[in-house]
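**Q**
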Amino acid sequence: AAAAAAAGSGSLEPPDLPRLADAARISLSPEEAKEFAPKIRQVVDWFGQLQAVNLESVDPSLRAGTAAGSSLREDRPETFANRDAIIEAVPSYDDPYIKVPRVLNKE
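Each residue of the sequence shown is one higher than the one before, counting from 209 in this note's numbering.
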């Protein structure tokens with residue numbers, strides 16, 4: 209079954225490279241896009257092969273290396289008491305806000 213899955217590719221389509229580069233905030237020349245397109249296609253094909261693998265007989269797991277019956281810690285907020293240390297570590301602070309560079313263009 210695994211050999212058959214490896215032989216055929218899945219139904220994944222390669223991403224629109226210019227749109228993907230824009231979303232990743234990477235400038236890509238037409239020559240670079242032409243160079244990377246086959247490499248991206250190969251990665252997408254590999255993921256397609258992974259999706260085609262029959263995992264019905266495999267027990268689901270939280271993550272590799274997790275012992276059966278173990279659990280993760282409870283997710284609860286914690287307060288960091290040393291406020292001054294945080295303020296000293298940030299590049300820009302305007303009380304009470306920590307300023308960070310814009311990462312998304314919402315136009």
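Ideal placement from N, C-alpha and C gives every residue a C-beta, glycine not left out.
Every value quoted in this text rests on a predicted model; they were computed, and no experiment measured them.
Under 8 Å, with one C-beta from each stretch per pair, do the region 220-231 and the region 243-254 reach the 3-pair mark?
**A** yes
**Q** What whole-angstrom Cβ distance do L258 and A241 have, given they're in contact under 8 Å?
**A** The distance from the Cβ of L258 to that of A241 is about 25 Å, inconsistent with a contact at the 8 Å cut-off.
**Q** Note down the Cα distance separating E264 from P285, rounded to an integer number of angstroms.
**A** 37 Å
**Q** Can you list, in chain order, the residues of its chain whose CB lies under 6 Å from that of D295, leaving out five sequence neighbours each side?
**A** It should be pointed out that residue 295 corresponds to Ile in this sequence rather than to Asp. Contacts found: Y301.
**Q** For the alpha helix (DSSP H) containing K152, list its first residue and its last residue.
**A** Any question about residue 152 goes unanswered here, given that the chain covers just 209 to 315.
**Q** Return the residue from the list R291, V311, N313, L312 that minimises the CA-CA distance to Y305.
**A** R291
**Q** Roughly how many angstroms lie between the CA atoms of A245 and I234, to the nearest whole one?
**A** 15 Å
**Q** From the DSSP output, in three-state form, read off I295 for me.
**A** helix
**Q** Assign D283 to one of three DSSP states: helix, strand, or coil.
**A** coil
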